[in-house]
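Residue numbers (the working numbering): 111 to 497. Just so it is clear, CB atoms sit at the ideal spot from N, CA and C, and this is done for glycine as well. Scroll down for the structure; my scribbles are underneath it.
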């Protein structure tokens, strides 16, 4: 009984809900159409954001990266190599200084746009005019300047803001002005635009531009400080390992103009590689200078030794060691020859005494001259014995 009443109550509630929806069907249809329209407008008007990635191979060994201390006492060179820490390399790639160096070379401080403020599109590398900044003067940052082309030689510059910031490059300070300002004036291309709060030159590009492509479109540009650009790219730059076991880093950034993001990653990688090369060249130079210093010390020591030897030779008691050694060798050879002859003479005399003592035939005795003994008296005595 209770279950049946509960089911009936649920059916009544559902019917009431459907009846209420039906009674307000036009409101629901209008809301659905309205939000679908908003979604369509958002898709159509929203500026697409592109993700750009790049990879960079890091040398894990880090050779020639550090100059070690000498391992030897007497001028030896001992170089120790430290392994690079990939986290350190990630820190270098995401450092403020390296990103700032890359952006300096890319000249991203001026951005060009077409279309109204609510649906402007940034254009890169192809525009009817180019801005040349004059760094020595004050500049308004992050506010749009509108340019209306008058003819081939002239344009109208228009600027309007309720409050803005002005950067002074001389004092390196920024001040906020909470007041409205509107500026409008016609200039010639190449003419300097000088104002209390901005200063630049608008030139025609050095490449051909089809103005029909920009006909009827609102042309604007914004000037950004290098500091704000650097902070902007630091926030959207992501650097990490592609794999925990790999020494390859993945660089990733996002932006509405993929060409700018691609060039930024290329320039950042180039700056990192050049920095590593400069570091290695500096280390190699330090090693070379260290070795040259050691060789100079050795050369100086040899020069001192040579001078000391020369002074010794020129002294009163100096001895020509080279000549003395030659003379000593010659004398030794003469003495050895004389020693040999003397030993031969002794053998002959002992043999002669033996023959005479034994009463052997004297005719068997060789003449003294045969063994090199030139003794006339001995020769006569032998001749007498033979008779």
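Quick check on this structure: which residue in the options has the alpha carbon closest to the alpha carbon of residue i?
i: residue 318; options: 361, 309, 238; result: 238
i: residue 228; options: 409, 462, 330, 348; result: 330
i: residue 349; options: 138, 143, 162, 128; result: 162
i: residue 218; options: 322, 414, 337; result: 337
i: residue 366; options: 222, 146, 196, 293; result: 222
i: residue 271; options: 260, 240, 289, 283; result: 289
i: residue 382; options: 253, 416, 359, 275; result: 359
i: residue 335; options: 296, 301, 244; result: 244
i: residue 499; options: 386, 464, 404; result: In the structure as shown, the chain starts at 111 and stops at 497, and residue 499 therefore has no counterpart that could be examined.
i: residue 371; options: 342, 390, 353; result: 342
i: residue 320; options: 347, 302, 262, 361; result: 262
i: residue 327; options: 384, 291, 230; result: 230
i: residue 246; options: 482, 277, 140; result: 277
i: residue 157; options: 149, 232, 407; result: 232
Do residue i and residue j have their C-beta atoms within less than 9 angstroms of each other?
i: residue 164; j: residue 379; result: yes
i: residue 498; j: residue 168; result: With the chain running from 111 to 497 in the structure shown, residue 498 is simply not present.
i: residue 377; j: residue 216; result: yes
i: residue 351; j: residue 196; result: yes
i: residue 345; j: residue 296; result: no
i: residue 299; j: residue 322; result: no
i: residue 340; j: residue 209; result: yes
i: residue 294; j: residue 324; result: no
i: residue 458; j: residue 478; result: yes
i: residue 284; j: residue 251; result: yes
i: residue 445; j: residue 482; result: no
Just mark residue i as buried or exposed, buried being the case when its beta carbon has 16 or more other beta carbons within 10 Å.
i: residue 486; result: exposed
i: residue 308; result: buried
i: residue 190; result: Low per-residue confidence applies at residue 190: pLDDT is 35, beneath 50, and the placement is therefore not dependable, though the value from the model is reported in the following sentence. By the 10 Å Cβ count, residue 190 comes out exposed.
i: residue 249; result: buried
i: residue 374; result: buried
i: residue 213; result: buried
i: residue 159; result: exposed
i: residue 144; result: exposed
i: residue 127; result: exposed
i: residue 310; result: buried
i: residue 361; result: buried
i: residue 257; result: buried
i: residue 422; result: exposed
i: residue 274; result: buried
i: residue 255; result: buried
i: residue 207; result: exposed
In the DSSP assignment, the alpha helix (DSSP H) including residue i goes from what residue to what residue?
i: residue 212; result: 206 to 216
i: residue 197; result: 196 to 203
i: residue 87; result: The question about residue 87 has no answer here: the residues shown for the chain are numbered 111 through 497.
i: residue 346; result: 336 to 346
List the whole-angstrom C-beta distance separating residue i from residue j, where the pair is believed to meet the contact cut-off of C-beta under 8 angstroms.
i: residue 333; j: residue 220; result: 6 angstroms
i: residue 266; j: residue 260; result: 6 angstroms
i: residue 140; j: residue 131; result: No, residue 140 and residue 131 are not in contact; Cβ-Cβ is about 13 angstroms, not under 8 angstroms.
Let's see if you can read the secondary structure: which residues bound the beta strand (DSSP E) around residue i?
i: residue 309; result: 309 to 313
i: residue 278; result: 274 to 278
i: residue 266; result: 264 to 271
i: residue 332; result: 329 to 333
i: residue 239; result: Neither: residue 239 is in no beta strand (DSSP E) and is coded neither H nor E.
i: residue 283; result: 283 to 287
i: residue 160; result: 160 to 167
i: residue 231; result: 231 to 233
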